[in-house]
Amino acid sequence: MRGAIFLGVLALSVAVSTGFGPKAECEEKAEFVIPNFKANWFKAMEYCHYLGLKLTRVRSAEDQLRIEVAINGTDKGVDTEFWTGGNDLGDRRNFHWYSTGGRITWFNWFDVESGYHERRNYVDQADGSCIFLGYQKSDDLWKWGLGSYENGRYFICERNLS
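Residue numbers (mature numbering (1 follows the signal peptide of the UniProt record, and there is no 0)): -19 to -1, 1 to 143.
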């Protein structure tokens, strides 16, 4: 018994001193964290807060590209959708980032084709109030969609909200 306890303490001290051992869910310096479970929008927001993070904002094409790189580093494919922190829950079709209250000024909505290959405004015909990232196969690009806060999706937490 004493030998087993000694080996357990020795293994723990080696793990602590060498850095090898169980890792936390997220790296301390990672800009984005993508938990490996689905949640509704409010639970996703709550879990990001639990980690000391916020649901991500996408303020520019550069932001979106960095998020896409993070997504590509996971085992999630193009059939996966991810919640962001954008929504119009407080004022229909006036979109804000919940983490800052700032109005969303850059958009990347799904393209919607109507008859004769005309593009229509996605937001005018979409249901839901919370913004998610999804893959639009016809354009081979990640775009934004709207979903009900009740639906389960993967989500993206952001570390730095500067």
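Every residue gets a Cβ at the ideal spot worked out from N, C-alpha and C, and that includes glycine.
Just so we're clear, the structure is a prediction, and the values are computed from it rather than from any experiment.
Please state whether the Cβ-Cβ distance between residue i and residue j is less than 8 Å.
i	j	result
residue 61	residue 137	no
residue 116	residue 123	yes
residue 34	residue 14	yes
residue 37	residue 48	yes
residue 70	residue 110	yes
residue 112	residue 67	yes
residue 133	residue 51	no
residue 76	residue 114	no
residue 16	residue 31	no
Going by other Cβ atoms of all chains shown within 10 Å of its Cβ, with 16 needed for buried, is residue i buried or exposed?
i	result
residue 106	exposed
residue 125	buried
residue 79	buried
residue 128	buried
residue 165	Because the chain in this structure spans residues -19 to 143, residue 165 falls outside the shown range and cannot be described.
residue 59	exposed
Helix, strand or coil for residue i, going by three-state DSSP, please let me know.
i	result
residue 12	coil
residue 42	helix
residue 35	strand
residue 25	helix
residue 131	coil
residue 52	helix
residue 93	strand
For the beta strand (DSSP E) holding residue i, just list the boundary residues, first then last.
i	result
residue 79	Unbroken run through residue 79: none, as it is neither H nor E.
residue 112	111 to 117
Answer yes or no: the CB of residue i versus the heavy atoms of the ligand NAP, is any distance below 7 Å?
i	result
residue 39	Of the ligands one can find in the structure shown there are none, so the ligand NAP has no counterpart to examine.
Note the first and the last residue of the continuous alpha helix (DSSP H) segment covering residue i.
i	result
residue 69	Here residue 69 belongs to no alpha helix (DSSP H), and DSSP marks it neither H nor E.
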